[in-house]
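Reviewing the structure listed below.
2 protein chains.
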Amino acid sequence: MRAWEKNFRKVEPYIPGEQPQFENMVKLNTNENPYPPSAKVAKELEELSRQTEKFRLYPDFKSRVLVDALALHYGLSSDQVFVGVGSDDVLSVAFLTFFNSEKPILFPDITYSFYDVWAKVYGIPYKCPALDEEFRIRREDYYGENGGIVIANPNAPTSIAEGLDFIEDILKHNRESVVVVDEAYVDFGAASALPLLGKYENLLIVQTFSKSRSMAGARIGYAMGHPSLIKAMNDVKYSINSYTMNYPALRLSVAAIEDDAYFRECCDRIIGTRERTRKVLCRLGFTCLESSANFLFATHGSVPAKKIFAALKERGIFVRYFEKPRIDNFLRITIGTDEQMEKLERALVDILGQ
Amino acid sequence: MRAWEKNFRKVEPYIPGEQPQFENMVKLNTNENPYPPSAKVAKELEELSRQTEKFRLYPDFKSRVLVDALALHYGLSSDQVFVGVGSDDVLSVAFLTFFNSEKPILFPDITYSFYDVWAKVYGIPYKCPALDEEFRIRREDYYGENGGIVIANPNAPTSIAEGLDFIEDILKHNRESVVVVDEAYVDFGAASALPLLGKYENLLIVQTFSKSRSMAGARIGYAMGHPSLIKAMNDVKYSINSYTMNYPALRLSVAAIEDDAYFRECCDRIIGTRERTRKVLCRLGFTCLESSANFLFATHGSVPAKKIFAALKERGIFVRYFEKPRIDNFLRITIGTDEQMEKLERALVDILGQ
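First to last, the sequence lines map onto chains A and B. Numbered according to our numbering, the first sequence terminates at residue 418, and the numbering increases by one at each position without gaps. Numbered according to our numbering, the second sequence terminates at residue 418, and the numbering increases by one at each position without gaps.
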């Protein structure tokens, strides 16, 4: 080991889903949207191509156009909105900003696998109460003293959503720490905690353009909360990188948010495909947890998930498999187009020999 | 104070230069390039506008197209290149990755004012040896024990560059910690430490697309160093945000890097304007430090900098003024187009009553 390597930060990085690049592959492994972004995004890019002189300038470090568009969309004031480079950036800044207590923060044992990575990299103590037998969050586990709470709703990779009463119950029991509700998948059928914002100043809601808004490639996430939370996050953000949102991200995200009709149409279509796919999977011997997300979390009655995962991969169909306790017999299957899901069905019939 | 606010991270955020939005203003305050990016960038955007379906997918988290293009450009291998959201992101990751010693890191008292902000936010001990009377770095100050070294070359806001022998001397005296050379302004006339990379495994060079490549709005920075440094930075990066570089940034930066002729033409033009401007300023009673950057650091013989700063602002001309010890009688003036610098000259003649 070289002398200076002793001072390297020790980390266990998050491992993102594979990004394979095959012709005709069916990519159902990273919960991307199967539909392209709004046509307004293409129009905006075309306009941008005639305005490249703007690239020579720094973007607005307050990202006002996007902050204002989101505030308008959600009926908030602009000082209630924070934006970042995907919800990962937003969550990372939230962890760094809010979780500086000696008490552990709490999040479920089975949830988005980045939470413990951030806790480790920033030296935040944490505890992971176990989901119950049916993979649901036990609210009582979040009643005790803590340095903060993070709940994904719907949870991932379980796909299960809890109702507003559940989130409010956790807020009622936690008046002394920040409660982060990660709503990356909320637009696919769950209730957002937005109506609770006026009542709980310690609630932070995080959402993203990567799933329901078909813009994973643009890296845009946002948080909504009390102005004091948003200010604290911005102060930390300005202490790390003042200008995170590049000029195209600002322009394209505003174009996307303004096309609400298209957004709703895509979400509805995905929900329809999800329900059809669930029935197909049941018929093929799978059990799916009840999903409010753009993916299904499924386990087969007789064939191991790992085997199905590998067999699908051989056929050019990529789903997500987690080699982790309790969920290592499940597959997380992103909802694609109807055509993609029919390909999945044919492959599964073939693999399962039905 | 609300209960949870006790756990907020305490920070003193970096304050970026103003981004005023006036018609016909002359913006010489944030060291942006006065020329638009390469025409290839416009062409790439137009193409992108016909491929918006790609936005629905996550970008390649390894940013391979850009890493490979930079490696090719600088004659390095791809495992020697790290990319991030502007050089601020790159430097922030470097601080977090390399500076985990109990010993203080070292950087000059007068330098890029983000260094101490990162040190504070990440809890890194630091010391700031004073520049000498002529605003030059004293190499002996960097010979002692330390947890790391950060040298901006050319330094900012002084604009002064040190030669390769100077950088190598610091490297020779520091075999046990990482030495970061921040070359944000290197393309305007300084020597890059690139030739030293093969010899010093603890050298990290940081550059940016924001100045010489006219793309501050795209947020692209990069670091070059030994594969073990780059891997350590990527591990930390993947522990914070796997996908930092959005799809347009990856595409547009590659287009820009490929147009080397245009890049060199812009740099040469800026250097020419800088030298003409320096003469003008001297004639008007200013003293300018010797600049190898795209800005001049100037002090007037009789009129206080603060007064000139305010008078220029009234006339729609924005330069940078730092209300800080030792440099509070200096102005940092970005080199714009010849036309902009003529406007500056006329305003200064007016203000100084000459």
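Virtual Cβ for every residue (Gly too), placed ideally from N, Cα, C. Given the structure is predicted, the values throughout are model-derived calculations rather than measurements.
Hey, out of the options, whose CA is closest to residue i's CA?
| i | options | result |
| --- | --- | --- |
| E354 of chain A | A:N217, A:G289, A:M89 and A:V145 | A:N217 |
| V181 of chain B | B:R202, B:L112, B:E76 and B:G139 | B:E76 |
| A133 of chain A | A:K74, A:Y286, A:F159 and A:H237 | A:Y286 |
| E403 of chain A | A:M65, A:C346 and A:T341 | A:T341 |
| L419 of chain A | A:S241, A:V185, A:I284 and A:A248 | This structure leaves residue 419 of chain A out entirely; chain A is present only between 65 and 418. |
| K126 of chain A | A:F159, A:K167, A:I294 and A:E111 | A:I294 |
| S366 of chain B | B:F350, B:A135 and B:Y249 | B:F350 |
| K370 of chain B | B:F394, B:F359 and B:S356 | B:F394 |
| N219 of chain A | A:R239, A:N210, A:N238 and A:V250 | A:V250 |
| N210 of chain A | A:I169, A:F178 and A:R66 | A:I169 |
| G253 of chain B | B:M288, B:A67 and B:I334 | B:I334 |
| K91 of chain B | B:I79, B:F373, B:S223 and B:P312 | B:F373 |
| R396 of chain B | B:Q418, B:R338 and B:V413 | B:R338 |
| K184 of chain B | A:C331, A:S303, A:K104 and A:D205 | A:S303 |
| M65 of chain A | B:K70, B:F178 and B:S292 | B:S292 |
| P259 of chain B | B:A280, B:R239, B:I231 and B:M279 | B:I231 |
| F72 of chain A | B:C352, B:T116 and B:L160 | B:L160 |
| V149 of chain A | A:K301, A:D324 and A:I234 | A:K301 |
| L235 of chain B | B:I213, B:A225, B:P221 and B:I224 | B:I213 |
| L360 of chain A | A:D323, A:L408 and A:F327 | A:L408 |
| A325 of chain A | A:E87, A:M89, A:Q83 and A:H137 | A:H137 |
| G227 of chain A | A:F327, A:S256, A:L345 and A:V131 | A:S256 |
| F146 of chain A | A:G289, A:A248 and A:I79 | A:G289 |
| N305 of chain B | B:D143, B:S276 and B:V157 | B:V157 |
| P80 of chain B | B:R315, B:E87, B:T94 and B:D392 | B:T94 |
| E198 of chain A | A:I188, A:G208, A:I224 and A:E204 | A:I224 |
| F273 of chain A | A:V154, A:L261 and A:D414 | A:V154 |
| D233 of chain B | B:Y207, B:P221, B:T222 and B:A248 | B:Y207 |
| D299 of chain A | A:E82, A:H237 and A:D143 | A:D143 |
Which residues does DSSP pair with residue i in a beta bridge?
| i | result |
| --- | --- |
| V185 of chain A | The partner list for V185 of chain A (beta bridge, DSSP) is empty, contrary to what the question assumes. |
| C352 of chain B | B:A362 |
| Y190 of chain B | B:I169 |
Selection of the segment 111-137 of chain A by Cβ proximity to chain B, strictly under 8 Å: Within the segment 111-137 of chain A, the residues whose Cβ lies closer than 8 Å to any Cβ of chain B are, in chain order, L112, S113, R114, T116, E117, K118, F119, R120, L121, Y122, P123, D124 and F125.
Worksheet item: Do the segment 83-103 of chain B and the segment 108-121 of chain A make contact, defined as three or more Cβ pairs closer than 8 Å?
Response: Short answer: they touch.
Check: Taking only runs of the alpha helix (DSSP H) that begin and end inside the segment 87-156 of chain B, which ones reach a length of at least 4 residues, in chain order?
Finding: 103-113 and 128-138, all fully within the segment 87-156 of chain B.
- request: For the segment 166-176 of chain A and the segment 189-205 of chain A, state whether three or more C-beta atom pairs, one from each stretch, are separated by less than 8 Å.
  value: Output reads yes: the segment 189-205 of chain A touches the segment 166-176 of chain A.
Pair every Cβ in the segment 224-244 of chain B with every Cβ in the segment 257-271 of chain B, then say whether three or more of these pairs are closer than 8 Å. The segment 224-244 of chain B makes contact with the segment 257-271 of chain B: 3 or more CB pairs, one atom from each, lie closer than 8 Å.
- Residues from the segment 67-79 of chain A in contact with chain B, defined by Cβ distance under 9 Å: Those residues of the segment 67-79 of chain A that come within reach of chain B (Cβ to Cβ, closer than 9 Å) are A67, W68, E69, K70, N71, F72, R73, K74, V75, E76, P77, Y78 and I79.
Entirely enclosed alpha helix (DSSP H) segments - the segment 370-409 of chain A, minimum 4 residues
List check, alpha helix (DSSP H) in window: nothing returned.
Completely contained alpha helix (DSSP H) runs for the segment 202-288 of chain B, where each covers 4 or more residues: Entirely contained in the segment 202-288 of chain B, the alpha helix (DSSP H) runs reaching 4 residues are, in chain order, 228-236.
Interfacial residues, the segment 293-308 of chain A to chain B, with Cβ spacing under 9 Å
Answer set for the segment 293-308 of chain A: L293, A296, N298, D299, V300, K301, Y302, S303, I304, N305, S306, Y307 and T308.
For this session: Using a Cβ-Cβ cut-off of less than 7 Å, list which residues of the segment 80-96 of chain A approach chain B; keep chain order.
Result: Taking 7 Å as the Cβ-Cβ cut-off against chain B, the residues of the segment 80-96 of chain A that qualify are P80, Q83, T94 and E96.
Closer than 8 Å between beta carbons: that is the criterion. Which residues of the segment 161-194 of chain A meet it against chain B? Against chain B - using a Cβ distance shorter than 8 Å - the residues of the segment 161-194 of chain A are T161, F162, F163, N164, S165, V181, W182, K184 and V185.
Taking a cut of 7 Å between CB atoms, which residues from the segment 224-240 of chain A lie near chain B?
-> Here the close residues are R239 and E240.
* Closer than 7 Å, Cβ to any Cβ of chain B: which residues of the segment 276-290 of chain A, in chain order? -> Legend: CB atoms of the segment 276-290 of chain A lying less than 7 Å from CB atoms of chain B belong to residues S278, M279, A280, G281, A282 and R283.
Can you list, in chain order, the residues of the segment 199-213 of chain B whose Cβ is nearer than 8 Å to any Cβ on chain A? Taking a C-beta cut-off of 8 Å against chain A, the contacting residues of the segment 199-213 of chain B are G211 and G212, listed in chain order.
Exercise. Using 8 Å as the Cβ pair cut-off and three pairs as the minimum, do the segment 402-417 of chain B and the segment 386-393 of chain B touch?
Worked result: Between the segment 402-417 of chain B and the segment 386-393 of chain B there are fewer than three C-beta pairs closer than 8 Å, too few to call the two in contact.
*Going along the chain, which residues of the segment 309-324 of chain B sit with their C-beta nearer than 7 Å to a C-beta in chain A?*
Result list: N310, Y311, P312 and A313.
Residues of the segment 244-277 of chain A whose Cβ lies closer than 8 Å to any Cβ of chain B, in chain order: Those would be E265, N266 and S274, in chain order.
query = Listed from N- to C-terminal order along the chain, which residues in the segment 138-153 of chain A have their beta-carbon within a distance smaller than 7 Å of any beta-carbon of chain B?
reply = So the close ones are V149, G150, D152 and D153.
| task | Quick one: which residues of the segment 366-396 of chain B get their C-beta closer than 8 Å to a C-beta of chain A? List them in chain order. | result | Residues of the segment 366-396 of chain B with a C-beta atom less than 8 Å from some C-beta of chain A do not occur.
| query | If contact means a Cβ-Cβ distance below 8 Å, which residues of the segment 331-359 of chain B contact chain A? | reply | From the segment 331-359 of chain B, no residue has a Cβ closer than 8 Å to chain A.
Residue ranges of each alpha helix (DSSP H) run of no fewer than 4 residues wholly in the segment 286-351 of chain A, ordered along the chain? DSSP runs (the alpha helix (DSSP H)) wholly in the segment 286-351 of chain A: 291-302, 311-322 and 324-347.
Check your understanding: When the Cβ atoms of the segment 273-288 of chain A are set against those of the segment 300-315 of chain B, are three or more pairs found closer than 8 Å?
Key -> The segment 273-288 of chain A makes contact with the segment 300-315 of chain B, as at least three CB pairs between them are under 8 Å.
**Prompt:** Residues in the segment 98-111 of chain A with C-beta within 9 Å of chain B's C-beta atoms, listed in sequence order?
**Reply:** Within the segment 98-111 of chain A, those residues whose Cβ lies closer than 9 Å to any Cβ of chain B are, in chain order, P98, Y99, P100, P101, S102, A103, V105, A106, K107, E108, L109, E110 and E111.
Listed in chain order, which residues of the segment 400-415 of chain B have Cβ atoms closer than 9 Å to some Cβ of chain A?
Of all residues in the segment 400-415 of chain B, none has a Cβ within less than 9 Å of some Cβ in chain A.
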